[in-house]
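**Student:** Respectively, the protein sequence lines represent chains E and S. In terms of the working numbering, the first sequence opens at residue 3 and continues consecutively. In terms of the working numbering, the second sequence opens at residue 2 and continues consecutively. C-beta atoms are modelled at their ideal positions from N, C-alpha and C, and glycine is treated no differently. Quick caveat: nothing in here was measured; it's all calculated off a predicted structure. Handing you this structure, nothing more for now.
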Amino acid sequence: MELTALLVTCLGLMLLTFASLYRAIVGPTPADRVVAINVIGTKTVVVLMLIGYIFQEVPYYLDVAMVYALISFLLTIGVARYIERGTIV
Amino acid sequence: MIATVIGIAFLLGGLFFFTAGTVGLLRFPDALTRMHATTKCDTLGAGMVLVGLMFFEGGSMYLVLKVVLLIVFLWVTAPAAAHYMARAVYRTQGRDKHAGGD
Numbered sequence: 003m004e005l006t007a008l009l010v011t012c013l014g015l016m017l018l019t020f021a022s023l024y025r026a027i028v029g030p031t032p033a034d035r036v037v038a039i040n041v042i043g044t045k046t047v048v049v050l051m052l053i054g055y056i057f058q059e060v061p062y063y064l065d066v067a068m069v070y071a072l073i074s075f076l077l078t079i080g081v082a083r084y085i086e087r088g089t090i091v
Numbered sequence: 002m003i004a005t006v007i008g009i010a011f012l013l014g015g016l017f018f019f020t021a022g023t024v025g026l027l028r029f030p031d032a033l034t035r036m037h038a039t040t041k042c043d044t045l046g047a048g049m050v051l052v053g054l055m056f057f058e059g060g061s062m063y064l065v066l067k068v069v070l071l072i073v074f075l076w077v078t079a080p081a082a083a084h085y086m087a088r089a090v091y092r093t094q095g096r097d098k099h100a101g102g103d
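Here's what the structure looks like:
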């Protein structure tokens, strides 16, 4: 029962990730693409945690998920600065 | 048993909020409104799924504390990133759009 719920949530999030990929590819402006990639990053963090609980190896996947969340945040900040000012630094 | 049921309810609630955020991302007409939908998806959806995971077996107290740390990190960074991105969009595109009307 637990494993079924974890698998259903994991597969649902993967389908939603592919749905968000449509906006990341087609999106009219760069801001739409960055918003879509930001949401894909959050879904990836949650899917990593679900995979860790499915395979019963939570510590390793938890560290990977925390580092991925940090990198996704830095990506959004960098692209936002580039859109606003024209340079990153 | 009751903890498992509560955890599954949290997982399905988080999946519902992720679905709502993705529908908003695909259907809304503007970058700012899409950002409004996806921020709900980030905070409430990810928060509910990670809270639901804490009810399941397979982790010690230390791991539960690290999951709480991940939730707090997501709750701090997702609105900050959305605010920064919205400010960039407003200063580059919104200025031209609002210049004539207002």
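Mind listing, in chain order, the continuous alpha helix (DSSP H) runs of no fewer than 4 residues lying wholly within the segment 55 to 89 of chain E?
**Tutor:** Runs found: 60 to 87.
**Student:** State whether the segment 17 to 26 of chain E contacts the segment 55 to 63 of chain E, with contact taken as three or more CB pairs (one from each stretch) at a distance under 8 Å.
**Tutor:** Not touching, per the Cβ criterion.
**Student:** Note down, in chain order, all residues in the segment 60 to 78 of chain S with a beta-carbon under 8 Å from any beta-carbon belonging to chain E.
**Tutor:** Per Cβ criterion, the list reads Gly60, Leu64, Lys67, Val68, Leu70, Leu71, Phe74, Leu75, Thr78.
**Student:** If you draw a straight line from the alpha carbon of Ala87(S) to that of Gly46(S), how long is it in whole angstroms?
**Tutor:** Whole-angstrom Cα-Cα distance: 21 Å.
**Student:** Mind pulling the chain S residues with CB within less than 7 Å of Tyr70(E)?
**Tutor:** Ordered by position in chain S, no residue passes the 7 Å Cβ test against Tyr70(E), which lies about 10 Å from the chain.
**Student:** Do you know how far the Cα of Gly80(E) is from the Cα of Met3(E)?
**Tutor:** The alpha-carbon atoms of Met3(E) and Gly80(E) are separated by roughly 42 Å.
**Student:** If you measure between the beta carbons of Thr31(E) and Ala82(S), is that distance less than 9 Å?
**Tutor:** Cβ atoms of Thr31(E) and Ala82(S): not closer than 9 Å.
**Student:** Tell me where the alpha helix (DSSP H) around Cys12(E) begins and ends.
**Tutor:** From DSSP, the alpha helix (DSSP H) with Cys12(E) extends over 4 to 28.
**Student:** Determine the DSSP secondary structure at Phe17(S), reduced to helix, strand or coil.
**Tutor:** Phe17(S) falls in the helix class under three-state DSSP.
**Student:** Is the beta carbon of Met68(E) sitting closer than 9 Å to the one on Leu51(S)?
**Tutor:** The answer is no: Cβ separation not under 9 Å.
**Student:** Closer than 8 Å between beta carbons: that is the criterion. Which residues of the segment 22 to 42 of chain S meet it against chain E?
**Tutor:** For the segment 22 to 42 of chain S, which is checked against every Cβ of chain E, the residues closer than 8 Å are Gly22, Thr23, Leu26, Leu27, Ala32, Arg35, Met36, Thr39, Cys42.
**Student:** Can the beta-carbon of Gly53(S) be found less than 9 Å from the beta-carbon of Gly8(S)?
**Tutor:** Yes, these two residues count as a Cβ contact at 9 Å.
**Student:** Using a Cβ distance threshold of 8 Å, determine whether the segment 5 to 24 of chain E contacts the segment 14 to 27 of chain S, with at least three qualifying pairs required.
**Tutor:** The segment 5 to 24 of chain E is in contact with the segment 14 to 27 of chain S.
**Student:** Under three-state DSSP, which class holds Gly102(S)?
**Tutor:** Model confidence at Gly102(S) stands at a pLDDT of 39, short of 50, so the residue's coordinates are unreliable; what they give is reported in the following sentence. Of the three classes helix, strand and coil, the one that applies to Gly102(S) here is helix, per DSSP.
**Student:** List, in chain order, every chain E residue whose beta-carbon is nearer than 8 Å to that of Ile9(S).
**Tutor:** The contacting residues are Met3, Glu4, Ala7.
**Student:** Closer than 6 Å by C-beta to Asn40(E): which residues in its own chain qualify, once you throw out the five before and the five after it? Chain order, please.
**Tutor:** Counting only Cβ-Cβ distances below 6 Å, and skipping sequence neighbours, we find Thr78.
**Student:** Three-state secondary structure (DSSP) at Ala87(S)?
**Tutor:** Of the three classes helix, strand and coil, the one that applies to Ala87(S) here is helix, per DSSP.
**Student:** Measuring alpha carbon to alpha carbon, tell me which residue in Tyr63(S), Met62(S), Trp76(S), Ala89(S) is nearest Cys42(S).
**Tutor:** For Cys42(S), the nearest C-alpha among the options comes from Trp76(S).
**Student:** Please report how far the alpha carbon of Glu86(E) lies from the alpha carbon of Gly43(E), in whole angstroms.
**Tutor:** Rounded to whole angstroms, Glu86(E) to Gly43(E) spans 22 Å at the Cα level.
**Student:** Over what stretch of residues does the alpha helix (DSSP H) that includes Gly53(S) continue unbroken?
**Tutor:** Start and end: 47 to 54.
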